[in-house]
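Number 576 marks the last residue of the sequence shown (numbering that gives the first Met the number 0); no jumps.
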Amino acid sequence: MSGLIPDSFIEELLARSDIVELIERRVPLKRSGSEYQACCPFHDEKTPSFTVSPRKQFYHCFGCGAHGSVIGFLMQYEGLEFLDAVDELARAAGLEVPSGGKQLPRPDTGLYDILQSASKFYVEQLRNNPGAVEYLKGRGLSGEICRDFDIGYAPSGWDSLIKHLGIDTRRLELLKQAGMLSTGNSGDYDKFRNRIMFPIHDRRGRVIAFGGRALSDDGPKYLNSPETTLYHKGRELYGLYLARQRAGRLDHIIVVEGYMDVVALAQFGFKNAVATSGTATTPSQVELLFRSADTVIFCFDGDKAGRQAAWRALEATLPKLREGLQAKFLFLPDGEDPDSMVRKHGEKVFAEQVEAAKPLSEFFFDHFTSGIDLGKLDGRAKFVEQAQPYLEKLPPGGFRDMMISQLESRSFHKLKRHVPGPVAPSGTNDERGKPIQTRTPLRVALAHLVQNPALAEQLENIDEFNGPGNTDVQGIEIFRELVDFCSQRPNISTAQLLAHWHEHPALPHLEKLAVWNLPGEEDKQLQEFIDATNRIRLSWVETLLSRISNIMLQKEEYRALQKRQQALKKQLEGQQD
Ligand SMILES: [Zn+2]
């Protein structure tokens with residue numbers, strides 16, 4: 000979460016949003032007791048293990064462990080960043096996101112407006128330009144697909160866009176900031192001229208940049224918007240917004256290199272393709288991809304440059320390959336791109352190729368074993384030396400284990416079983432996402448409190464928790480902090496509570512306790528809670544007692560020693576007399 004937005008605002012936002020309503024618009028929910036259930040939108044399943052609790056304002060999947068508040072859901076489901084999710088909820092709730100002095104400058108909303116207007120202008124211009132329309136038809140694109148992608152045309156003059164939109168200094172300045180102008184000796188002029196225009200949308204569907212394909216031999220074949228406050232090319236994927244609009248969470252996603260590839264694939268029914276904008280695949284793009292689909296298929300040219308680009312994509316992917324996610328690589332025949340491929344050979348052939356894409360593991364081991372003689376000892380040693388550091392980047396889990404055993408069986412070399420690597424957050428759940436902790440009184444008390452913060456009001460003698468001896472109870476500070484916190488805000492929901500504690504080291508622990516199964520009936524809950532807290536009290540009363548009885552025992556010894564001392568002194572004094 001971001002420290003840029005005050006906690007109080009997040010609290011208000013969570014209070015005004017309803018998680019059931021928000022999720023129901025995207026995933027059909029079924030009522031089950033006091034909660035709602037569905038088949039999880041984040042993993043494949045046939046029996047529902049995804050639950051939404053209106054009271055906690057929290058969702059949780061017992062299958063894959065996904066959990067969170069409305070904010071978390073929007074981030075996970077829509078692939079939004081934290082700030083964007085907050086923005087979206089604020090709009091729905093009619094709240095204004097505070098822009099305090101501490102905040103980072105937010106992009107001028109005028110930039111979005113001017114880019115939207117530019118996109119509209121280009122679409123209009125396309126209609127008036129038969130040459131551009133001919134070109135698109137020649138590429139096999141229908142009017143419908145061009146409309147879907149808002150494909151447009153930038154006229155060939157030097158100032159068509161300026162004349163149309165830059166009609167005052169403010170708007171001229173916005174066009175400049177949005178990266179739509181170039182500056183020469185004689186002033187500003189349109190950056191994009193005589194080009195087919197592909198608007199690039201952010202994850203909320205706002206135009207943030209353009210890619211332009213030249214219609215003449217003048218200048219580079221493809222020209223992109225420069226980086227601006229709205230557009231960071233390493234963090235965006237062309238076509239992702241549209242793909243998700245059509246399908247929500249995708250089964251798999253195809254990553255290609257060009258805008259035209261994305262559009263051509265959509266024309267042939269592959270509506271799940273996205274493109275990096277002339278950059279190597281970045282880790283943030285991989286993150287985005289896996290937020291949208293469990294399987295990512297990277298599609299590259301089969302030539303040397305294509306293989307290099309694929310390897311960079313693999314490197315960006317390794318650290319993100321959590322359980323249940325997979326990446327594949329599809330290499331096209333030399334000289335082909337997805338656009339030419341699908342137009343020449345049709346959708347069936349392309350679908351077969353997608354189906355036959357190489358699993359990451361195969362591409363990985365091919366990469367290291369090509370040119371190495373595994374029949375020789377030094378060949379195998381070289382192979383292990385080169386490949387092992389990459390495997391250490393994989394998150395712990397079944398896939399990593401499989402890769403390590405493959406490395407071992409190919410090299411006849413036994414690796415140390417615990418290859419150092421990213422450390423799993425402490426206290427992680429097991430595969431099924433179920434809590435693996437035992438029910439100690441402290442955990443039970445914490446779980447009740449997290450799930451039902453109002454219970455704090457029912458506690459008597461809170462001061463006793465600050466009494467001597469209780470510091471010996473491990474984790475009691477968290478309980479005390481939580482009791483204090485909840486008694487000040489008895490009406491808070493679980494989601495709000497967790498949002499407040501987002502930076503607390505105990506958060507992962509509390510998140511787990513937030514989804515523990517507790518008895519359903521409310522009066523029983525109170526009793527369980529009181530019992531658990533009394534058990535905590537009892538345990539330290541007993542600690543104190545045993546400590547004191549020690550002291551008392553020592554007292555008796557002390558007295559005996561004193562007596563002995565006096566007796567000895569007396570004896571000595573008697574001798575002196
Ligand atoms: Zn799940």
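Backbone N, C-alpha and C define an ideal beta-carbon position, used for all residues, glycine too.
Identify, in the order they occur along the chain, each residue of the same chain with its Cβ nearer than 6 Å to the Cβ of residue i, setting aside the five sequence neighbours on each side.
i      : result
Ala208 : Ile199, Ser224 and Tyr230
Asn193 : Ser155, Leu214 and Ser215
Glu10  : Gln495
Pro53  : Val19
Gly139 : Arg342
Lys232 : Ser276 and Thr278
Gly474 : Leu441
Phe8   : Pro97
Asp6   : His499
Ser410 : Arg379, Phe382 and Val383
Ile70  : Ala84
I want to see whether chain B comes within less than 7 Å of residue i, judged by CB atoms only; does it?
i      : result
Gly305 : Going by chain labels, chain B is absent from the structure shown, which holds only one protein chain.
Comparing the CB of residue i with every heavy atom of ligand 1, is any distance shorter than 6 Å?
i      : result
Gly62  : yes
Cys39  : yes
Ala355 : no
Ala65  : yes
Ala59  : For clarity, residue 59 is His in the given sequence; the question names Ala instead. No, ligand 1 has no heavy atom inside 6 Å of this Cβ.
His42  : yes
Ignore the nearest five residues each way along the sequence and tell me which others in residue i's own chain have a CB closer than 7 Å to its CB.
i      : result
Ala356 : Ile296, Lys327, Phe328 and Leu329
Are there 16 or more other CB atoms within 10 angstroms of the CB of residue i, so buried, or fewer, so exposed?
i      : result
Gly78  : buried
Lys270 : buried
Lys511 : buried
Tyr121 : buried
Gln565 : exposed
Tyr557 : exposed
Ile166 : exposed
Ala304 : exposed
Ile22  : buried
Leu571 : exposed
Gly204 : exposed
Thr182 : exposed
Ser159 : buried
Leu537 : exposed
Glu595 : Beyond the ends of the chain as shown, which are 0 and 576, falls residue 595; an answer cannot be given.
Asn428 : Note on Asn428: pLDDT 39, under 50, position unreliable in the model; the coordinate value appears next. Buried, because 16 or more other Cβ atoms sit within 10 Å of the Cβ of Asn428.
Gln352 : buried
Measure the CB-CB distance between residue i and residue j and report whether it falls below 7 Å.
i      : j      : result
Ile477 : Pro452 : no
Ser16  : Ala92  : yes
Asp293 : Leu324 : yes
Gly580 : Glu346 : An answer regarding residue 580 cannot be provided, because it is not within the stretch 0 to 576 covered by the chain.
Thr493 : Val449 : yes
Leu239 : Val261 : no
Leu110 : Ala177 : yes
Pro440 : Ala505 : no
Phe367 : Ala386 : yes
Tyr134 : Gly210 : no
Gly151 : Met196 : yes
Leu174 : Leu88  : no
Asp300 : Leu331 : yes
In the DSSP assignment, find the alpha helix (DSSP H) that holds residue i and state where it starts and stops.
i      : result
Glu578 : Shown here, the chain extends from 0 to 576; a query on residue 578 therefore has no answer.
Pro388 : Leu376 to Leu390
Tyr111 : Thr108 to Arg126
Thr316 : Lys303 to Thr316
Met179 : Element bounds for Met179: n/a, residue is neither H nor E.
Ile144 : Gly142 to Asp147
Ala498 : Thr493 to His499
His42  : Per DSSP, His42 belongs to no alpha helix (DSSP H) and is neither H nor E.
Arg399 : Gly397 to Ser410
Leaving out five residues before and five after residue i in sequence, what residues of the same chain have Cβ atoms less than 8 Å from its Cβ?
i      : result
Cys39  : Pro47, Ser48, Phe49, Cys60, Gly62, Cys63 and Ala65
Glu520 : none
Leu525 : Leu454 and Gln457
Pro282 : Ala315, Pro318 and Lys319
Glu80  : Met74 and Arg202
Asp372 : Gly378
Could you please give the first and the last residue of the uninterrupted beta strand (DSSP E) stretch that includes residue i?
i      : result
Glu34  : Glu34 to Ala37
Gly71  : Where Gly71 is concerned, there is no enclosing beta strand (DSSP E), although the alpha helix (DSSP H) it sits in stretches over Val69 to Glu77.
Gln325 : Gln325 to Leu331
Phe289 : Looking at the DSSP string, Phe289 is not in any beta strand (DSSP E); the run it does join, the alpha helix (DSSP H), is Pro282 to Ser291.
His251 : Leu249 to Val255
Ser52  : Phe49 to Ser52
Pro198 : Arg194 to His200
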